[in-house]
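Everything below concerns the one structure shown next.
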Amino acid sequence: KQEVTQIPAALSVPEGENLVLNCSFTDSAIYNLQWFRQDPGKGLTSLLLIQSSQREQTSGRLNASLDKSSGRSTLYIAASQPGDSATYLCAVDNTDKLIFGTGTRLQVFP
Amino acid sequence: DGGITQSPKYLFRKEGQNVTLSCEQNLNHDAMYWYRQDPGQGLRLIYYSQIVNDFQKGDIAEGYSVSREKKESFPLTVTSAQKNPTAFYLCASRPPGQGASGYTFGSGTRLTVV
Chain A
2 KQEVTQIPAA LSVPEGENLV LNCSFTDSAI YNLQWFRQDP GKGLTSLLLI QSSQREQTSG
62 RLNASLDKSS GRSTLYIAAS QPGDSATYLC AVDNTDKLIF GTGTRLQVFP
Chain B
8 DGGITQSPKY LFRKEGQNVT LSCEQNLNHD AMYWYRQDPG QGLRLIYYSQ IVNDFQKGDI
68 AEGYSVSREK KESFPLTVTS AQKNPTAFYL CASRPPGQGA SGYTFGSGTR LTVV
């Protein structure tokens with residue numbers, strides 16, 4: 002059974018720092034991996050999608066990498082801002098459904 | 008703009024009542040999903056549907072029911088058999104094709120038992 006783990010569970014940093022959020026999964030037979038952002042009381046916003054044949058994806062200050070063989074993905078946030086404060090969720094897609102980690106709650110203070 | 012619309016945003020249920028959460032999408036996606044989110048836990052899959060008139064149970068289907076009569080709509084009914092329904096419910100959809108595209112989520116419905 003696929004299990005997804007995210008480390009750390011919470012992170013509080015000053016503005017301007019570069020951050021790394023980690024995601025690991027137990028079954029490497031995935032179609033893709035998707036990173037989401039969730040603000041309190043809101044739905045999920047897709048940040049990056051990495052297909053199983055890809056190694057990384059970039060969008061603005063965000064970069065996500067995927068190493069299927071080791072069952073790991075990292076989300077790199079450059080030059081963090083207070084507006085980046087949210088919960089970040091990693092999800093893997095296999096057998097036609099998304100399996101989620103429990104998320105990393107990020108707070109960036111001025 | 009294409010997207011997923013969930014309604015209502017907040018819903019209150021009395022003990023013993025059935026309530027229905029609405030999910031509508033105009034993305035022309037074939038597959039639709041219902042997830043439940045509880046504090047401190049990841050999202051858990053309730054039901055999903057790959058095509059009209061067909062749906063499958065997810066990991067926590069007990070106490071819930073769904074229908075898929077139209078491609079655009081995938082309503083979720085929380086029945087009185089669901090013992091702990093207070094949670095945040097999220098609907099999602101995905102286009103056909105394995106891994107080609109990601110999932111799109113709605114803005115959620117917060118259900119509270121009163």
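Here the protein sequences come in this chain order: A and B.
FYI, in this note's numbering the residues of the first sequence are 2 to 111.
FYI, in this note's numbering the residues of the second sequence are 8 to 121.
For each residue, glycine too, the CB sits at the ideal point set by N, CA and C.
For residue i, the first and last residue of its enclosing beta strand (DSSP E)
i: Tyr40 (chain B); result: Ala38 to Gln44
i: Leu107 (chain A); result: Thr105 to Phe110
i: Asp68 (chain A); result: Leu63 to Asp68
Proximal residues to residue i (C-beta, below 7 angstroms), its chain only, five neighbours per side dropped
i: Ala79 (chain A); result: Asn19 and Arg62
Proximity to residue i [Cα-Cα], best of the options
i: Leu67 (chain A); options: A:Ser60, A:Arg56, A:Ala30 and A:Leu76; result: A:Arg56
i: Pro15 (chain B); options: B:Gln44, B:Thr116 and B:His36; result: B:Thr116
i: Gln108 (chain A); options: A:Pro83, A:Lys2 and A:Ala10; result: A:Pro83
i: Asn33 (chain B); options: B:Lys64, B:Thr12, B:Leu52 and B:Pro103; result: B:Thr12
i: Lys69 (chain A); options: A:Val21, A:Leu34 and A:Thr88; result: A:Leu34
i: Phe62 (chain B); options: B:Ala68, B:Tyr54 and B:Glu69; result: B:Tyr54
i: Lys2 (chain A); options: B:Asp66, B:Ser72 and B:Phe19; result: B:Asp66
i: Gly17 (chain A); options: A:Asp85, A:Trp36, A:Gln52 and A:Glu4; result: A:Asp85
i: Ala53 (chain A); options: A:Tyr32, A:Leu90 and A:Val14; result: According to the sequence displayed, residue 53 (chain A) carries Ser and not Ala. The option with the nearest alpha carbon to Ser53 (chain A) is A:Tyr32.
i: Val122 (chain B); options: B:Gly104, B:Thr93, B:Ala99 and B:Thr111; result: No information on residue 122 (chain B) is available, as it lies outside the stretch 8 to 121 that chain B covers here.
Spatial neighbours of residue i in its chain, beta-carbon cut-off 8 angstroms, leaving aside the 5 residues before and after
i: Ala30 (chain A); result: Asn95
i: Thr75 (chain A); result: Val21, Leu22, Asn23, Cys24, Ala65 and Ser66
CB contact flag (residue i, residue j, <8 angstroms)
i: Ser87 (chain B); j: Asn25 (chain B); result: yes
i: Leu28 (chain B); j: Tyr96 (chain B); result: yes
i: Ala92 (chain A); j: Gln39 (chain A); result: no
i: Gly102 (chain A); j: Thr6 (chain A); result: yes
6 angstroms CB neighbourhood of residue i in its chain, flanking five on each side removed
i: Lys78 (chain B); result: Val59
i: Pro102 (chain B); result: His36 and Ser108
i: Ala38 (chain B); result: Gln57 and Arg101
i: Ala73 (chain A); result: First, the residue type needs correcting, since residue 73 (chain A) is Arg and not Ala in the sequence shown. Excluding positions up to five away in sequence, the list reads Ser25.
i: Val73 (chain B); result: Tyr54, Phe62 and Leu83
Looking at C-beta atoms only, is the number of pairs between the segment 83-98 of chain B and the segment 98-106 of chain A that lie closer than 8 angstroms three or more? no
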